[in-house]
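Asks:
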Amino acid sequence: MNVNVKKSAAELSLEAQVDAMLATAIGGQAQALDNLKRLGIPHRRLEPWVYTDLRNLMGDTYRPAEQLEAAPKLADLVDPALADLDTCRIVHVNGYLNEDLSNLDTLPTGVTFARHSDAPKASDTEPHYIANVVTAFANDILTLTVAPGAKIAKPILLINYTIADTPVASYTRTIVNVGEGASITLFETYRGQGIYQSANLLDISLADKAAATHIRHQNDDLAALHLALIRLDLGAQSNWHSFTLTEGARVSRSEVDLRFEAEGARAYTNAAKLLRGEQHGDMTIVVDHAVPNCDSEEVIKSVLEDKARGIFQGKVIVRPGAHGTDGRQSSDALLLSDLAEMDTKPELEIYNDDVQCAHGATVGEIDLDMLFYLRSRGIPEKQAEALLLQAHVGGAMEIIADDTLKNVMLELSARWLGERRPT
Amino acid sequence: MLEIKNLHATVDEQKILRGLDLSVPAGEVHAIMGPNGAGKSTLSYVLAGRAGYDVTEGSVLLDGENILDLEPDERAAAGVFLAFQYPIEIPGVPTLTFLRQALNSQRRARGEDEVTTPDFMRLIREKGNDLKIKPEMLKRAVNVGFSGGEKKRNEVLQMAVLQPKLCVLDETDSGLDIDALRVVADGVNALRSPDRAFVIITHYQRLLDYIVPDKVHVLSKGQIARSGGKELALELEEKGYAEFAESAA
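Sequence order for the protein chains is R and B.
Counting from 1, one number per residue, gives the positions in the first sequence under my numbering.
Counting from 424, one number per residue, gives the positions in the second sequence under my numbering.
1) Output the boundary residues of the alpha helix (DSSP H) element that contains B:I547.
2) Please state the DSSP three-state secondary structure of R:Y351.
3) Starting from B:S528, find everything on chain R with Cβ-Cβ shorter than 7 Å and list it in chain order.
4) Can you give me the Cβ contacts of B:I513 inside the same chain, cut-off strictly under 8 Å, excluding the 5 residues immediately before and after it?
5) Which residues in chain B have a C-beta closer than 8 Å to the C-beta of R:D437? List them in chain order.
6) Going along the chain, which residues of its own chain have a beta-carbon closer than 7 Å to the beta-carbon of R:A71, five neighbours each way excluded?
7) Name the residues in the region 388-419 of chain R whose C-beta lies less than 9 Å from a C-beta of chain B; which are they?
8) From the DSSP output, read off the bridge partner residues of R:E180.
9) I'd like to check one pair, B:Q646 with B:D593: are the Cβ atoms closer than 7 Å?
10) I believe B:L430 touches B:L589 by the beta-carbon criterion, under 8 Å. Please report the beta-carbon distance rounded to the nearest angstrom.
11) Among residues of its own chain, excluding the 5 on either side of R:L417, which ones have a beta-carbon nearer than 7 Å to its beta-carbon?
12) Determine, for B:R533, whether the minimum Cβ-Cβ distance to residues of chain R falls below 7 Å.
13) Against chain R, with Cβ distances strictly below 7 Å, would B:V447 count as a contact?
14) Going along the chain, which residues of the region 458-474 of chain B sit with their C-beta nearer than 8 Å to a C-beta in chain R?
15) Name the chain B residues whose beta carbon is nearer than 9 Å to that of R:Y351?
16) Between the alpha carbons of B:G663 and B:K653, how many angstroms are there, rounded?
17) Looking only at its chain, what residues have a beta carbon closer than 6 Å to the beta carbon of B:S670, apart from the 5 residues adjacent to it on each side?
18) Relative to the alpha-carbon of B:V584, which residue among B:G472, B:D602, B:D553 and B:A608 has its alpha-carbon at the smallest distance?
19) Taking the runs of the beta strand (DSSP E) that are 3 residues or longer, which of them lie wholly in the region 49-111 of chain R?
20) Quick one: give me the first and last residue of the alpha helix (DSSP H) that B:Y633 is part of.
21) Can you have a look at R:L46 and say buried or exposed, based on whether 16 or more other CB atoms are within 10 angstroms of its CB?
22) How is B:F521 classed by DSSP in three states: helix, strand or coil?
23) From what residue to what residue does the alpha helix (DSSP H) around B:Q581 run?
24) Suppose contacts are defined by Cβ-Cβ distances below 7 Å. Is R:P42 in contact with R:L54 by that definition?
25) Can you pull the chain R neighbours of B:Q524, defined as C-beta to C-beta under 9 Å?
26) Could you tell me which chain R residues have their CB closer than 9 Å to the CB of B:D496, listed as they occur along the chain?
27) By Cβ distance below 6 Å, which residues in the same chain neighbour R:V18 in space, the five residues on each side in sequence not counted?
28) So B:V611 is in the alpha helix (DSSP H); what residue range does that whole segment cover?
29) Count the other CB atoms, across all protein chains shown, that sit within 10 Å of the CB of R:Y351; report buried if there are 16 or more and exposed otherwise.
30) Please state if the CB of R:V134 and the CB of R:G179 are separated by a distance shorter than 7 Å.
31) Assuming R:R319 and R:A358 form a contact by the criterion Cβ under 8 Å, report the distance between their Cβ atoms to the nearest whole angstrom.
32) For B:S679 and B:P510, I'd like the C-alpha separation in whole angstroms.
33) Helix, strand or coil for B:H626? Go by DSSP, reduced to three states.
34) Going along chain R, which residues have a C-beta under 7 Å from B:L659?
35) Label R:N200 either buried or exposed according to how many other C-beta atoms from any shown protein chain fall within 10 Å of its C-beta, with 16 as the threshold for buried.
Structure (structure tokens):
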């Protein structure tokens, strides 16, 4: 069926950018540009975008961001809550790697870093908007490789900052390959100022028995549009522990596409969403159990204030033959106002009998019995509410094994709760 | 210490308290007994300031100050403590965090200095020991996974830490076996002091064997129907509440 829809300004602008590049592009980039030209910007008539009508929500037209002549100061780029963390920094400003602000010389032994211009990947040809837009427009591609057996304790901090006077789009593409039996901690942060689009693609592959801890703090400007896709391939007996805190951006869509490639792997993908005003925050996770005996779990906690809208879409596919699968997901949202909204769409596609799959979703308000109990002990209402909200959000942080990192995330969520306006 | 005069209160527009008068001097323990539905728990929630328990007439003075205009947390800071019949479970909030925040909130509200971490830990260890509360229990979320006895001991621990002027115990004996009852009663008795008053709400006389009251009142149809000494509890145990159910009808 062909539906002719009048193209939005953002779509026309995207098309012009695609046309300008199509003639010279090759390989994966050419394919991505072609996909973009053919498919345009996703809209609500496409099932995966039913709650996030990107074509409508995009609003502005964004021109590609340029490299800044005067680099900002490091202190302005890093959230104060992270300032004391001992990390190896990889800094992108407006989608460009900034080697001066990074400290690549402190990369731990066992981790190597490479920068290149094209990295074809089979799934690049999939018509996925975020993958296509980043593959088409990212300035360069970074690859981090962790040598087999290397246990990297120091977190690798991926700092992404965008500064916009007029609406610009920045793109980052990162590939992380963790060797057999190796482990790594990745910490992504997103901040910026002005009206911009930040689109980011992270491909992670864990070899057999590899482990990754992944923390993500999305605190983009409240005028920004944030798009992210993480694609994960999990080897045998590998372990993935991920926690995302979303508090920024006017509109955000954060996707995780997780595929079990060999038996005995475990993946925990948790998230907390703290949104207020008219923010729109979408977390979409697809878990593909293609092989037997893998465990996956997603725990999503949301706190929505004012007219904020939260979305969680979780799809678990259990393919024929993937027996012994354990797949769980839960989404619990607390609404702090009558106008806040949470949309939850769990989907299970199970082609197998010997599996355990569970999903649950709750949307509610602060429990008045708990609130009264705390207040009856002398804790004022706002503080009592903050305690309960912090406890709610903290339920998604249990999977962060490192206490220092967990405390940073608790501090960030406490800060958001402390910024609640008195009613 | 506590002066309740002509207290009328409604819940869901139903009149529950109908002109209750009660005076509890400092240093005394008063038991409130009565049949189910007499308004015993309503009285406890009205004193603590729970939403939905509306006072339509009368006054409640604590050391001469009307507490009915105060928010629940302000009443706590003024010295009111309610030990819940069913203590609320609060997942994700560690008991220690809760206790410390409660104590320091009250101290701040009274213009006192906050308690430092070492002082607080010392206080908790000491009070916890008295109540046979293991340190592991304090690291767990408030009342989550606690047995019935642990929940009630946790209520008494809070009382011991917060040192209120007026302690209201709502059916503290419910769900306790004899050993747990004794520990809880010992904890309460240790808190008896010349500048503290207790209101002990109970359906059964059993608790009063362990916490011996100075006065016993029978609450029926929203009023104090009869008052007496501790022997009144024994009489009620023998005769039941039938007399009050009929006489007020």
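Just so it is clear, CB atoms sit at the ideal spot from N, CA and C, and this is done for glycine as well.
Replies: Looking at the coordinates:
1) T540 to D553
2) coil
3) G378, I379, P380 and Q383
4) F521, A564, V565, N566 and V567
5) The structure shown does not extend to residue 437 of chain R, since chain R is modelled only from 1 through 423, so no value can be given for it.
6) V93, N98, D100 and L101
7) L388, Q390, A391, H392, V393, G394 and G395
8) Answer is none; R:E180 lacks a bridge partner.
9) no
10) So it is not a contact: roughly 15 Å between Cβ atoms.
11) A386, L389 and Q390
12) no
13) no
14) A471, G472, R473 and A474
15) Here the premise fails: no neighbours, minimum Cβ distance about 35 Å.
16) 15 Å
17) Note that B:S670 scores a pLDDT of 47, beneath 50, so its modelled location is shaky; the value from the coordinates is reported in the next line. So the list is empty, once near-sequence residues are dropped.
18) B:D553
19) 88-93
20) R629 to Y633
21) exposed
22) helix
23) G571 to L585
24) yes
25) L374, R377, G378, I379, Q383, A384 and L387
26) L374, R375, S376, R377, G378, I379, P380, E381, Q383 and A384
27) L33, L36 and K37
28) I601 to L614
29) exposed
30) no
31) 18 Å between Cβ atoms; not a contact.
32) Past the boundaries of the shown model lies residue 679 of chain B; chain B is included only from 424 to 672, so the question cannot be answered.
33) coil
34) Under the 7 Å cutoff, chain R gives no residues; its nearest Cβ is about 29 Å from B:L659.
35) buried
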